[in-house]
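Accompanying notes for the structure given below.
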Amino acid sequence: PQRKYRSDYQASIYLIDRVSLDFDIRDGSTRVTARHSVRRNPQLIGTGGRWWLDGRDLRLVSIAVDDEPVADGALEVSETGLWLNGLPDRFTLTVVTEIDPDRNLSLEGLYRSDDMLCTQCEATGFSRITYFPDRPDVMSRYTTRVEADAERYPVLLSNGNCIESGAAGEGRHYAVYEDPFAKPCYLFALVAGDLGVIRDTFTTTSGREVALALYTEHGNEDQCHHAMASLKDAMAWDEATYGLEYDLDSFVIVAVGSFNMGAMENKSLNIFNTACIFAHQDTATDSDFARVRDVVAHEYFHNYTGNRVTCRDWFQLSLKEGLTVYREHQFAIDHGSPGVTRIEQVRMIRDVQFPEDAGPRAHPVRPESYVEMNNFYTITVYEKGAELIRMMAQMAGREAFTKAVKHYLDKHDGQAVTIEDFVLAIEESTGLDLAQFRHWYAFAGTPRLRVSSRFADGRLSLELAQATPATPGQENKPNFDIPVSVALFDDAGQVVRAPEIVRLIEQRETFVFDGLAAEPTVSVLRGLTAPVRLEFDQPDDALVRLMAHDSDPVSRWDAAQSLYMATLKAAVTAHQNDEPMPALGEGMMTAVAALLADPPDDRALLAEMLTVPSATQIGEAFDAIDVAAVEAARRYVKREIAARFEAELERLADAHAPSGGYVFDQVAAGRRRVFATALDYLACLDTPAIRKRAQAVYDAADNMTDRMAALNALQDLPGEEREATRADFAERFADQPLVMDKWLRLQAATEDGDTAARVRDLLADDRFDFTNPNRVRALVGGFVRGNPLGFHRADRAGYALVADEILRLDAINPQLAAALAGLLAPWRRYAEPYAGGMREALARVGEADLSDNTREIVDAGLG
Ligand code: DPP
Ligand code: ZN
């Protein structure tokens with residue numbers, strides 16, 4: 005495999021102004037005729053004549069320059085593309101290829117998903133359709149003609165406006181689409197199928213009426229209304245918040261069952277995983293509803309941040325993804341509980357991004373090199389990228405930053421640009437100096453922020469110090485520019501210093517707060533103002549005060565997490581040393597008691613604050629993750645809390661019990677979350693009453709959220725109730741693949757002594773489909789992430805299972821296989837015997853003949 009470097013960037017020697025594509029869809033084969041008007045890039049002087057076109061798994065039927073077949077001597081074809089030699093300055097290139105979407109299980113390029121054909125071209129799927137410079141800086145205007153059997157494929161879609169359609173003889177028909185905006189080929193899309201549709205319209209601020217359509221396989225239309233409402237919401241939000249108005253007369257979404265990603269922002273023709281569109285109360289939980297809303301918004305927002313202004317090369321991916329995730333986060337905060345929405349974002353960064361940044365796959369938000377671009381659609385590029393944007397927004401102020409983003413979009417409209425272009429535009433508009441801030445883009449790793457405070461004579465000295473551990477290929481780290489929000493409170497919880505942002509530029513700096521009547525309680529890094537690990541030893545009483553009074557809900561939650569964590573860590577150590585479990589910390593008990601006695605109005609916040617840190621979080625607190633000790637500690641602490649507060653938790657559950665009449669809104673969802681949390685605690689006590697109660701909740705549920713709450717509560721309680729509810733679930737939702745994914749996850753997450761064998765049985769079950777990424781993520785991903793004890797079994801059967809699936813999958817869907825390999829790669833973080841077992845499984849995968857995708861991950865893990 006060939007490694008590509010950011011520093012090797014060269015502009016394309018030829019540019020393509022116009023692309024004309026003709027898809028002739030037939031059984032067994034699709035013929036693609038591409039005609040391009042090509043000219044030499046005027047910015048490159050003294051080059052030309054020779055040009056590289058990417059192409060993979062294509063049958064080249066013919067290739068002609070100005071309608072003359074290219075002579076054999078002027079053509080060099082290889083597995084990854086072809087060279088053309090002796091080219092003039094301007095010409096028409098005609099390429100005819102044949103592809104077979106039915107046999108394309110990679111889910112890149114043109115492929116079949118159930119009964120329809122669809123495309124996925126980002127990052128480099130277009131080169132599986134025709135020979136083309138498959139790079140985002142070649143932007144062209146596309147006209148696309150699609151012809152297919154009229155009965156089998158009544159719906160034919162591509163980007164832009166339909167300018168012509170009609171019968172084509174022999175029971176066939178055609179449609180022609182024209183996209184007025186120049187775009188890179190990764191935004192090309194095509195769909196052909198027999199589809200149901202729901203329609204709506206949106207009128208933009210300036211009065212343009214946009215036709216909206218959402219297509220899906222027949223019978224699923226009633227699951228699409230929430231997505232449609234979310235789309236209209238997102239369109240209105242982007243006008244109100246950024247002044248960005250939709251720029252075409254139609255916007256179409258198609259939901260497909262087999263999709264590697266969540267969704268794709270193709271110009272005016274978004275293609276979505278059904279998992280990010282379908283939302284009905286019977287089949288989707290509150291979190292599913294929220295996810296659908298946010299992903300629909302995310303893809304819509306790409307129309308400006310990604311499509312109108314795109315990336316020069318794939319090293320710049322965070323240019324569009326970091327910014328669009330940031331916009332999505334803002335949208336989510338405006339549509340739910342602001343505090344809890346931010347808490348979820350913070351948790352994602354800490355639970356997933358920090359581990360990635362500390363493991364074998366650590367890479368800068370703007371990577372320096374890659375083998376396979378698909379391996380870089382990571383939590384670092386997306387979520388850490390969004391945090392970098394958020395930092396700049398906080399330093400500039402939200403209004404100034406919004407203005408700066410518009411300046412960037414105006415300045416570079418219609419261009420393919422770099423992260424540097426973005427940062428420069430932000431500096432120009434806001435006046436910020438971001439020289440040192442740029443290190444965030446160039447260096448991997450999570451900085452540690454050490455805080456210590458001293459108080460004397462009415463003066464608080466806050467010392468901040470930073471240090472960043474080495475990451476693969478980057479031994480030495482510079483000082484980062486770290487915005488840290490600070491607020492001070494008195495003992496009664498009153499603010500004595502309003503929140504402000506200080507910037508830590510040097511390795512170590514002291515910030516002084518004068519004129520204080522008494523020693524204040526310090527609140528720092530409020531809401532995670534920078535993606536750093538905070539090291540600040542605060543006494544329990546300070547944490548209890550922050551938990552009760554901090555004006556920032558995220559800080560209240562964070563203080564609670566610190567209190568839980570102290571007891572959890574002590575429990576892990578006790579388990580490791582074969583000692584009796586420690587008594588629950590006093591600070592923690594005070595905090596939980598206070599929370600239950602005087603809960604916050606925001607019920608979702610109450611649920612979050614009552615939830616102990618995840619197993620991942622606990623593991624992160626240790627140099628080597630001891631899976632069994634972490635599990636034992638977490639179970640112990642939860643059970644102790646449940647035992648001590650049983651009566652209060654019962655009352656909480658009663659007060660928030662399901663009452664029918666499902667609506668998805670912040671208040672109702674918050675109440676359901678509290679109920680699920682209380683039920684989960686009570687289930688730790690495993691009483692006959694709680695089993696009965698969970699079963700009754702399941703039986704009476706009018707929505708999937710409550711149903712799942714009951715199933716989750718019964719998760720670790722083998723017996724009649726668990727069997728009965730699961731059996732009912734499997735039967736009731738047998739024809740709903742996305743719901744059966746929840747069932748697969750439940751099975752995979754249940755530790756009953758031989759989960760690995762049960763998962764192997766399910767892999768052979770009819771309800772499982774190995775070629776569908778959602779099924780694989782549910783069963784195999786659900787096993788690894790949802791069942792630590794089963795996956796990390798001492799006999800290594802869990803590791804062996806995952807290694808086998810990686811190998812099987814790599815032959816058909818390398819992108820997904822590589823993602824699974826990423827689950828074994830961070831073995832070094834684990835204690836023995838886990839580390840050795842994971843390593844052995846990874847090494848076995850590494851012995852096989854692998855795709856570039858999986859090879860890159862495995863080599864990083866073993867390296
Ligand atoms: N589909 C992915 C996203 O929207 C890649 N662009 O983030
Ligand atoms: Zn995106």
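Start counting at 1 in the sequence shown, then tack on 4, and there's your number in the UniProt record's numbering. We put the beta carbon where it would ideally sit given N, CA and C, even for glycine.
Roughly how many angstroms lie between the CA atoms of Phe787 and Asp758, to the nearest whole one? 12 Å
For the segment 533-596, which segments carrying the alpha helix (DSSP H) assignment without a break, of at least 4 residues, lie completely within its bounds, in sequence order? 544-553 and 557-580
Run through the DSSP bridge pairs and tell me what Met120 is partnered with. Ser117
Give the DSSP-derived three-state secondary structure of Glu635 in the structure shown. helix
Cα-Cα, which of Phe447, Ile353 and Glu467 is closest to Ser618? Ile353
Should Pro662 go down as buried or exposed, given a rule of 16 or more other Cβ atoms within 10 Å for buried? buried
Distance, Cα to Cα, Ala563 vs Asp119? 51 Å
Span of the alpha helix (DSSP H) holding Asn778? Pro777 to Val780
Excluding the 5 residues preceding and the 5 following Ile347 in the sequence, name in chain order all residues of the same chain whose CB lies nearer than 6 Å to its CB. Val558, Trp561 and Glu612
Should Glu391 be listed as close to the ligand DPP, given that the test is whether its C-beta is under 6 Å from any heavy atom? no
Taking only three categories from DSSP, how would you classify Asp338? helix
Between Val576 and Ala646, is the Cβ-Cβ spacing less than 7 Å? no
By Cβ distance below 7 Å, which residues in the same chain neighbour Ala127 in space, the five residues on each side in sequence not counted? Tyr190, Trp318, Met377 and Asn378
With a threshold of 6 Å (Cβ to nearest heavy atom), would Thr328 be considered close to the ligand ZN? yes
Own chain, CB closer than 7 Å to Lys642, minus 5 neighbours either side, in chain order: Val616, Tyr685 and Cys688
In whole angstroms, what is the alpha-carbon distance linking Glu724 and Asp183? 59 Å
At a cut-off of 6 Å, is Glu325 close to the ligand ZN when judged by its beta-carbon and the heavy atoms of the ligand? yes
Residue 875: buried (16+ other C-beta within 10 angstroms of its C-beta) or exposed? The question about residue 875 has no answer here: the residues shown for the chain are numbered 5 through 867.
Could you pull out every residue in the same chain whose Cβ sits closer than 7 Å to the Cβ of Ile423, ignoring the five residues on either side in sequence? Gln320, Ser322, Leu323, Arg370 and Tyr445
May I ask which residues mark the beginning and end of the beta strand (DSSP E) holding residue 889? No statement about residue 889 is possible, as the shown extent of the chain runs from 5 to 867 and does not include it.
Do Ile861 and Ala804 have their C-beta atoms closer together than 7 Å? no
Between the Cα of Gln227 and the Cα atoms of His284, Ala279 and Leu194, which residue gives the shortest distance? His284
For Gln819, which option in Ser110, Trp55 and Ile20 has the closest C-alpha, if you only look at C-alpha atoms? Ser110
Do Leu715 and Leu748 have their beta-carbon atoms positioned less than 7 Å apart in this structure? no
Which residues does DSSP list as the beta-bridge partners of His177? Ala152 and Ala171
Assuming Glu727 is part of the alpha helix (DSSP H), what are its boundary residues? Glu724 to Arg736
Closest to Phe164 by C-alpha separation, out of Lys236, Asp253 and Gly840, would be which residue? Per the sequence shown, the amino acid found at residue 164 is Gly instead of Phe. Nearest option by C-alpha distance: Asp253.
Does the Cβ-Cβ distance between residue 3 and Ile257 come in under 7 Å? Because the chain in this structure spans residues 5 to 867, residue 3 falls outside the shown range and cannot be described.
Can you tell me whether Glu269 sits near the ligand DPP, meaning its C-beta is under 6 Å from at least one heavy atom of the ligand? yes
Indicate the three-state DSSP secondary structure (helix, strand or coil) for Lys8 in the structure shown. strand
What is the residue span of the beta strand (DSSP E) that Glu102 lies within? Arg94 to Ile103
State buried or exposed for Ile430, treating a residue as buried only when at least 16 other CB atoms are found within 10 Å of its CB. buried
Using 6 Å as the cut-off, classify the Cβ of Asp606 as near or not near the heavy atoms of the ligand GDP, replying yes or no. Looking for the ligand GDP in the displayed structure turns up nothing; the ligands present are the ligand DPP and the ligand ZN.
Closer than 6 Å to a non-hydrogen atom of the ligand DPP - does that hold for the CB of Glu332? no
Simplified DSSP state of Asn274, which is helix, strand or coil: strand
Those residues which DSSP pairs with Ile202 across a bridge: Leu218
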